[in-house]
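Structure, as structure tokens:
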Amino acid sequence: MKQAIEVHSLTRRYDDLVAVNHIHFSVQEGEIFGFLGPNGAGKTTTVRMLSGLITPTEGEARLLGFDLRTQTKKVKAHIGVVQDISNLYPDLTCYYNLIFSAQMYGVPKGERGKRALGLLERFDLLEKKEKKFLTLSRGMKRKLTIACALIHHPPLLFLDEPTLGLDVRAVRMMHRLIKEVNQEGVTVFLTTHQIAEAGKLCDRIAIINKGKILALDTVQGIRNRASAQPSIRVSFDRNEGLSPELSALPSVAGVRTQRDHFHLSAGNLPLALTEITKFAEGKGLIITSLHTEEPSLEEAFVQLTGIKAEKMK
Amino acid sequence: MKDELIKAWFIALKDLRAYYFKPPTISWGILFPLVFALAFLLRNPQGVKDLAPGLIAMSLIFGTTSMSTASIMFERRIGSFERLILAPVTMWGVALGKVLGGVIFGLLVSVVMIPVAVLFFKASLINPAVLVLAVLLSSFLFSAFGCFLTLIIKGEVDAMTLANAARLPMIFLSGIFIPLVSFPLGLQIVACGLPLTYGVEALRYAFLGSVDLIPPLPALGAMLGGGIFFLWASQKALQRRRKNP
Chain A
175 MKQAIEVHSL
185 TRRYDDLVAV
195 NHIHFSVQEG
205 EIFGFLGPNG
215 AGKTTTVRML
225 SGLITPTEGE
235 ARLLGFDLRT
245 QTKKVKAHIG
255 VVQDISNLYP
265 DLTCYYNLIF
275 SAQMYGVPKG
285 ERGKRALGLL
295 ERFDLLEKKE
305 KKFLTLSRGM
315 KRKLTIACAL
325 IHHPPLLFLD
335 EPTLGLDVRA
345 VRMMHRLIKE
355 VNQEGVTVFL
365 TTHQIAEAGK
375 LCDRIAIINK
385 GKILALDTVQ
395 GIRNRASAQP
405 SIRVSFDRNE
415 GLSPELSALP
425 SVAGVRTQRD
435 HFHLSAGNLP
445 LALTEITKFA
455 EGKGLIITSL
465 HTEEPSLEEA
475 FVQLTGIKAE
485 KMK
Chain B
17 MKDELIKAWF
27 IALKDLRAYY
37 FKPPTISWGI
47 LFPLVFALAF
57 LLRNPQGVKD
67 LAPGLIAMSL
77 IFGTTSMSTA
87 SIMFERRIGS
97 FERLILAPVT
107 MWGVALGKVL
117 GGVIFGLLVS
127 VVMIPVAVLF
137 FKASLINPAV
147 LVLAVLLSSF
157 LFSAFGCFLT
167 LIIKGEVDAM
177 TLANAARLPM
187 IFLSGIFIPL
197 VSFPLGLQIV
207 ACGLPLTYGV
217 EALRYAFLGS
227 VDLIPPLPAL
237 GAMLGGGIFF
247 LWASQKALQR
257 RRKNP
């Protein structure tokens with residue numbers, strides 16, 4: 175498979191701060207590639223370098239076969255970029271915002287109106303055609319910003335935190351749109367600090383922190399890399415004071431008490447289940463719920479980065 | 017080259033659509049020079065004929081710089097200026113587009129101010145060719161100057177404040193109200209370093225057939241050269257931003 179993006183030793187320094195530190199990765203054509211990390215990890219700086227907004231301090235990158243340093247204009251002409259804010263022109267109408275994007279990306283005159291209307295229809299914004307951008311809701315603004323990035327039919331789309339600040343409904347709609355765009359053959363480079371979003375959308379994920387890539391693999395691959403143990407979520411009819419006794423079970427590696435249940439890390443899952451059942455029988459307890467869980471992407475992320483999952487929310 | 021010019025034209029048209037009626041453009045670009053002109057007209061209705069070229073030049077510098085400054089300042093504040101840098105257009109194209117928006121706005125201002133000068137200030141036009149060139153080149157120079165000033169600012173400093181810090185002293189040092197020949201040599205040298213001086217001198221020649229210090233051809237040449245210099249400096253400032261945002 176061809177590479178849409180190849181990055182070698184890409185680095186960006188701001189005075190003494192190394193925002194991106196000699197990173198290497200490649201993105202295959204047609205995949206959704208996730209760049210996952212906490213705020214300040216270097217995700218946006220990487221996108222800004224790859225989209226030609228800022229120049230790298232060191233390193234090389236090729237996008238769609240074009241050299242980022244020497245063929246910047248060609249790179250820009252073939253990519254779509256949605257930044258982490260919806261930054262269209264507030265006083266212009268939705269339609270004119272699309273037309274202006276088409277003009278800047280060299281869409282032929284006869285095509286501009288057709289494509290603009292097509293995108294407005296597709297993104298459910300046709301009735302807002304003559305409304306100014308500033309009058310749209312946050313979700314609609316995000317949709318129109320993505321539509322503008324697609325007007326020149328780019329084979330590679332950068333989405334920087336596309337669901338930031340959106341409500342649950344708008345997030346779902348955005349996820350559906352990203353999948354659809356990808357299914358049409360567009361390679362998507364997605365940055366996010368939301369682990370669940372990366373897990374749900376991406377074919378492969380690079381985990382970045384403090385400017386360095388800590389892991390790069392498929393979602394399953396990252397889960398497997400982490401030495402996280404399977405876990406058991408259990409609750410009894412009486413939960414009070416059970417935590418020390420559960421911790422003492424030989425096959426239980428750790429216990430987290432949550433509101434109405436216990437979260438047990440199990441070295442040996444079948445053995446742990448047997449021990450828990452025996453423990454309940456011995457104490458005269460009724461097991462009210464019991465679930466086994468594979469190590470989640472979140473747990474793997476926490477292990478690999480040492481960053482608490484709460485910091486990513 | 018053609019592609020860059022076309023995209024610069026699209027940027028200029030977009031700016032006119034978006035910022036034509038923005039408060040800073042209207043207040044500083046049109047109202048301020050009009051009020052200034054009115055104040056002089058009311059104070060001395062007989063003696064304002066000689067002031068007409070200077071007041072037109074002043075309207076042009078306030079109109080063009082307000083337009084280029086307001087458009088860049090506003091877009092930087094909301095993040096949409098980066099859309100232009102992301103687009104497949106060189107920094108020359110972006111800078112030219114921003115300057116062109118100011119030039120067109122300057123020409124619109126002159127369409128208002130020249131009839132005002134002729135009708136109310138009783139100014140008579142002596143050299144229409146010099147007038148056309150003076151208005152065009154003044155608009156180009158002033159717009160490029162405003163663009164450059166806005167682009168070199170980093171951080172949250174209000175570009176309009178900086179533009180005023182440059183524009184307001186120019187009103188008194190460019191020979192609008194006080195003839196340059198009556199300045200001491202030091203101030204005459206300072207005046208020769210100010211963009212507005214050349215616009216005033218060229219317009220004075222177009223309306224009065226005389227100049228204070230600078231003949232029309234050198235004045236027009238200096239405006240063209242100065243405009244190109246500030247355009248070059250603006251695109252350099254944009255390139256520097258890509259390296260050190």
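Chain order of the listed sequences is A and B.
Per the numbering used here, the very first residue in the first sequence carries number 175; after that it's consecutive.
Per the numbering used here, the very first residue in the second sequence carries number 17; after that it's consecutive.
All C-beta atoms, glycine included, are put in the ideal place defined by N, C-alpha and C.
The structure presented is a predicted model; accordingly, all values stated were derived computationally and were not measured.
Status (buried if at least 16 other CB within 10 Å, exposed otherwise) for residue i
| i | result |
| --- | --- |
| Thr462/A | exposed |
| Met239/B | buried |
| Ile244/B | exposed |
| Gln394/A | exposed |
| Val127/B | exposed |
| Ile142/B | exposed |
| Tyr269/A | buried |
| Met17/B | exposed |
| Ala321/A | buried |
| Ser409/A | buried |
| Asn356/A | buried |
| Thr448/A | exposed |
| Thr220/A | buried |
| Val315/A | Residue identity differs from the one stated: residue 315/A is Lys in this sequence, not Val. Lys315/A is buried by the Cβ-count criterion. |
| Val105/B | buried |
Whole-angstrom C-beta distance between residue j and residue i, which should lie under 8 Å
| i | j | result |
| --- | --- | --- |
| Ser159/B | Thr213/B | That pair is no contact at about 17 Å. |
| Phe223/B | Pro69/B | 5 Å |
| Phe164/B | Ser250/B | 5 Å |
| Leu167/B | Leu102/B | 17 Å between Cβ atoms; not a contact. |
| Val125/B | Leu76/B | 6 Å |
| Val360/A | Pro328/A | 7 Å |
| Gly45/B | Phe97/B | Gly45/B to Phe97/B, Cβ: 20 Å. No contact. |
Neighbourhood of residue i by C-beta, 8 Å cutoff - its chain only, sequence neighbours within 5 removed
| i | result |
| --- | --- |
| Asn213/A | His367 |
| Asp528/A | Since the first residue shown for chain A is 175 and the last is 487, residue 528/A is missing from the structure and cannot be characterised. |
| Leu266/A | Phe274, Lys306, Phe307 |
| Leu390/A | Phe199, Arg378, Ile379, Ala380, Ile381 |
| Ala276/A | Glu285, Arg286, Arg289, Ala290, Ile325, His326 |
| Gly242/B | Leu157, Ala160, Phe161, Pro211, Tyr214 |
| Leu446/A | Checking the sequence, you will find Ala at residue 446/A rather than Leu. Only Ile406, Leu423, Ser425, Val426, Leu438, Ala440 meet the Cβ criterion. |
| Gly169/B | Residue identity check: residue 169/B is Ile in the sequence provided, not Gly. For Ile169/B, where only same-chain residues beyond five positions count, the Cβ hits under 8 Å are Ala175, Leu178. |
Spatial neighbours of residue i in its chain, beta-carbon cut-off 6 Å, leaving aside the 5 residues before and after
| i | result |
| --- | --- |
| Asn383/A | Gly211, Ala215, Thr479 |
| Leu294/A | Leu300, Lys303 |
| Tyr221/B | Val146, Val227, Pro232 |
| Gly385/A | Val192, Ala193, Val194, Asn195, Gly216 |
| Leu237/A | Ile179, Val249 |
| Ile230/B | Glu217 |
| Gln257/A | Asp334 |
| Ile228/A | Arg222 |
7 Å Cβ shell around residue i - same chain, five flanking residues per side excluded
| i | result |
| --- | --- |
| Phe136/B | Leu57 |
| Ala139/B | Lys65, Ala68, Ala133, Phe223 |
| Leu247/B | Ala111, Leu112, Val115, Ala160 |
| Thr309/A | none |
| Ser216/B | This sequence places Val at residue 216/B; Ser is not what is there. For Val216/B, where only same-chain residues beyond five positions count, the Cβ hits under 7 Å are Pro69, Gly70, Ala73, Ser190, Gly191, Ile192. |
Checklist entry - Residues in the region 82-95 of chain B with C-beta within 7 Å of chain A's C-beta atoms, listed in sequence order? => result Ile94, Gly95
Item to check | chain B contacts from the region 182-204 of chain A (Cβ-Cβ distance under 7 Å) | outcome: none
Next on the checklist: Which runs of the alpha helix (DSSP H) at least 4 residues long sit entirely within the region 189-237 of chain B? Give them in chain order.
Outcome noted: 201-208, 211-224
Item to check | Contact residues within the region 98-112 of chain B, judged by C-beta distance below 9 Å to chain A | outcome: Glu98, Arg99, Leu100, Ile101, Leu102, Ala103, Pro104, Val105, Thr106
Checklist entry - For the region 450-482 of chain A, which segments carrying the beta strand (DSSP E) assignment without a break, of at least 3 residues, lie completely within its bounds, in sequence order? => result 461-467
Item to check | Residues, ordered as in the chain, of the region 173-192 of chain B that lie near chain A by beta-carbon distance below 7 Å | outcome: none
Checklist entry - Which residue spans inside the region 318-402 of chain A form an unbroken beta strand (DSSP E) run of at least 3? => result 330-334, 361-366, 378-383, 386-392
Checklist entry - If you measure beta-carbon to beta-carbon, which residues of the region 244-260 of chain B are closer than 7 Å to chain A? => result Arg258, Lys259
Item to check | Residues, ordered as in the chain, of the region 27-44 of chain B that lie near chain A by beta-carbon distance below 7 Å | outcome: Lys30, Arg33, Ala34
Checklist entry - Between the region 247-262 of chain A and chain B, which residues of the former have a C-beta closer than 7 Å to a C-beta of the latter? => result Lys247, Lys250, Ala251, Val255, Gln257, Ile259, Asn261, Leu262
Item to check | Within 8 Å of chain B by C-beta, residues of the region 226-237 of chain A in sequence order | outcome: Gly226, Leu227, Ile228, Thr229
Next on the checklist: If the cut-off is 8 Å on Cβ atoms, which residues from the region 277-302 of chain A count as contacting chain B, listed in chain order?
Outcome noted: Gln277, Met278, Tyr279, Gly280
Next on the checklist: For a minimum of 4 consecutive residues, which ranges assigned as the alpha helix (DSSP H) are wholly contained in the region 109-139 of chain B?
Outcome noted: none
Next on the checklist: Report the start-end ranges of each alpha helix (DSSP H) in the region 63-101 of chain B that is 4 residues or longer and not cut off at the edges.
Outcome noted: 68-94
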